[in-house]
Amino acid sequence: MNEALRPPEELPLFPIRGCILLPGEHLPLNVFEPRYLNMVDDAVAAHGFLGIVQPRRDGPRDRPRLEAVGCAGRIASHAETEDGRYLIVLEGVARFALAAEIDRPTPYRLARADYAPFAGDLAAPAGQAGIAREDFLALLQRFFAHAGLEADWESLSGAPLTRIADKVAMAAPFDAAAKQALLEAPDPVARLRTLSAMMSLALDTSGGHPGA
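Going by full-length UniProt numbering, the first residue of the sequence shown is number 1, and it counts up by one from there.
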């Protein structure tokens with residue numbers, strides 16, 4: 001990987017519950033809190049990376065504990081609105097284990113990121129999953145109908161299953177714990193299988209009927 005695209009070990013953190021970022025995917029964000037506006041300014045001036053991580057429900061409300069795994073994203077686009085907000089798009093680069101928080105006098109949180117457990121994120125994409133494409137797409141269509149979601153099925157027809165699964169993992173209305181499980185799957189193939197199991201369970205629980 002180009003060194004300019006390699007995420008730094010010291011990473012500013014953007015905690016968002018119910019939201020994950022995956023390598024190779026894009027996450028649009030509307031940034032308006034002063035501390036996070038400051039964080040974006042600092043990141044753009046330094047290395048251009050932010051860490052997306054989910055806060056847990058325990059700990060102080062103003063400084064909750066964080067999940068142990070997040071994802072580093074490169075700021076791929078950055079625009080300021082007339083009312084002072086930032087509209088940014090993060091491109092997921094690599095997941096990280098949160099090794100330790102860094103005590104610095106910044107209004108936002110910083111952490112030392114350990115990318116070693118997810119070294120495969122920085123390597124070439126893995127092969128296909130050994131899951132029948134037709135079966136997965138049929139399951140996906142049933143799940144989308146059940147969840148009231150829409151998709152451009154024609155555009156998905158030629159995409160790798162693992163890429164489709166990553167997009168669904170980020171967009172689907174799973175709870176925070178399920179999102180974290182998808183984020184922490186060892187690799188894209190494992191994430192595809194985990195997602196398939198979650199969709200099947202959701203359909204089985206509801207009886208498989210759209211809107212149930």
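Every residue, glycine too, gets a C-beta built ideally from N, C-alpha and C.
If you're wondering where the values come from, they're calculated on a predicted model, not measured in any experiment.
query: Per-residue burial, Asp150 [other beta carbons within 10 Å of its own, 16 or more giving buried]; result: The sequence given here has Glu at residue 150, not Asp. That one is exposed.
query: Beta-carbon spacing of Phe49, Arg74 below 9 Å; result: yes
query: Glu25 (DSSP reduced to helix, strand or coil); result: coil
query: Chain-order list of residues whose beta-carbon lies under 7 Å from that of Glu91 (same chain, five-residue window excluded); result: His26, Gly73, Arg74 and Ala76
query: Beta carbon of Leu11 nearer than 9 Å to that of Arg191; result: no
query: Assigned secondary structure, Leu195 (DSSP; H/G/I helix, E/B strand, else coil); result: helix
query: Pairwise C-alpha distance: Pro55 and Ala176; result: 9 Å
query: Ranges of the alpha helix (DSSP H) found wholly within the segment 114-201, counting only runs of at least 4; result: 133-147, 153-156, 161-171 and 176-183
query: Short Cβ contact (9 Å threshold) for Lys115 with Val40; result: In the sequence under discussion, the amino acid at residue 115 is Tyr, which differs from the Lys named in the question. Taking 9 Å as the Cβ cut-off, Tyr115 and Val40 do not qualify as a contacting pair.
query: Classification of Gln141 by the beta-carbon crowding that lies within 10 angstroms, buried from 16 upward; result: exposed
query: Start and end residues, alpha helix (DSSP H) containing Ala45; result: Pro34 to Ala45
query: Beta-carbon spacing of Val89, Pro34 below 9 Å; result: no
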